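Notes for the one structure printed next.
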């Protein structure tokens, strides 16, 4: 028997107003977890599994494990950082289109770096990376900020207080900056033929060399934190 009708607002309205003439419309929805708290996260990657000791493996053998998600893969070609970039580029759930854009950007990075490699002399060739994934990881690492500012109100005045960032938040800001900077373009009526994949490829190559608009955003944020370092003690006060 299907119980989908229980989720319809009309059904809930009829139930809540049963026996009453002038009652307000009431909607009641219950959210339940898919898995109980006893289920543990899966260890799907061989590198993570090899880091577990024998006691941890025995403990996992007698526990219920959640199934891996679609983004969790044990393939040697799987890159979690690249999957995260796909999610930031994606719009309206079109993940296949986002993968296609990133693939085009990586192809352009490969062509540009190989061209630069062949034009360089023998000593400079050793310093020119040609792997787009290597360039992407270096760009992501260079774009991570160390500090940020948070608003704190003291005596009716809002101060910008510098605070330290953990690796998760810093990585998220780096993804956001890379994508937002690549989406800054001229109006459609003045389009010059430079697409999002071109701008993303250029921004990744510039960021891997510690240049470009994304690196400029990080430097400006650090300068703002330096200018407001006198208010750092407001972070812990009341």
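In full-length UniProt numbering, the protein residues as written are 1 to 238. Even glycine gets a Cβ: it sits at the ideal position worked out from N, Cα and C. Only a predicted model underlies this, so the values are computations on that prediction, with no experimental measurement involved.
Coil, strand or helix - residue i by DSSP
i: residue 218; result: helix
i: residue 179; result: helix
i: residue 153; result: strand
i: residue 44; result: coil
i: residue 164; result: strand
i: residue 195; result: coil
i: residue 101; result: helix
i: residue 72; result: coil
i: residue 123; result: helix
i: residue 211; result: coil
i: residue 184; result: coil
i: residue 35; result: coil
i: residue 79; result: coil
i: residue 92; result: coil
i: residue 109; result: helix
i: residue 132; result: helix
i: residue 204; result: helix
Residue of the options minimising C-alpha distance to residue i
i: residue 251; options: 172, 138 and 149; result: As shown, the chain starts at 1 and ends at 238. That puts residue 251 outside it, with no answer to give.
i: residue 231; options: 182, 116 and 149; result: 149
i: residue 195; options: 215, 171, 154 and 101; result: 101
i: residue 211; options: 57, 227, 119 and 181; result: 181
i: residue 86; options: 75, 76 and 104; result: 104
i: residue 229; options: 215, 160 and 205; result: 160
i: residue 213; options: 234, 46, 162 and 179; result: 179
i: residue 140; options: 69, 119, 153 and 167; result: 167
i: residue 175; options: 136, 157 and 209; result: 136
i: residue 162; options: 42, 68, 234 and 130; result: 234
i: residue 151; options: 224, 142 and 76; result: 224
i: residue 73; options: 91, 183, 44 and 143; result: 44
i: residue 76; options: 204, 47 and 55; result: 47
i: residue 95; options: 109, 71 and 39; result: 71
i: residue 209; options: 143, 57, 154 and 123; result: 143
i: residue 134; options: 109, 115 and 54; result: 109
i: residue 165; options: 59, 115 and 221; result: 221
i: residue 130; options: 113, 123, 42 and 120; result: 113
Neighbour-count burial assignment, residue i, 16 or more Cβ in a 10 Å radius
i: residue 145; result: buried
i: residue 128; result: exposed
i: residue 49; result: exposed
i: residue 241; result: No answer is possible for residue 241: the residues shown for the chain start at 1 and end at 238.
i: residue 52; result: exposed
i: residue 201; result: buried
i: residue 197; result: buried
i: residue 217; result: buried
i: residue 61; result: exposed
i: residue 89; result: buried
i: residue 106; result: buried
i: residue 219; result: exposed
i: residue 63; result: exposed
i: residue 132; result: buried
i: residue 204; result: buried
i: residue 20; result: Model confidence at residue 20 stands at a pLDDT of 49, short of 50, so the residue's coordinates are unreliable and nothing is read from them.
i: residue 177; result: buried
Any chain D beta carbon closer than 8 Å to residue i
i: residue 201; result: Protein chains in the displayed structure number just one, and chain D is not present.
Per DSSP, the bridge partner or partners of residue i
i: residue 159; result: 152
i: residue 65; result: 40
i: residue 147; result: 164
Counting Cβ pairs closer than 8 Å, one from the stretch 169 to 184 and one from the stretch 76 to 93, do we hit at least three? The answer is yes - the stretch 76 to 93 touches the stretch 169 to 184, with three or more Cβ pairs under 8 Å.
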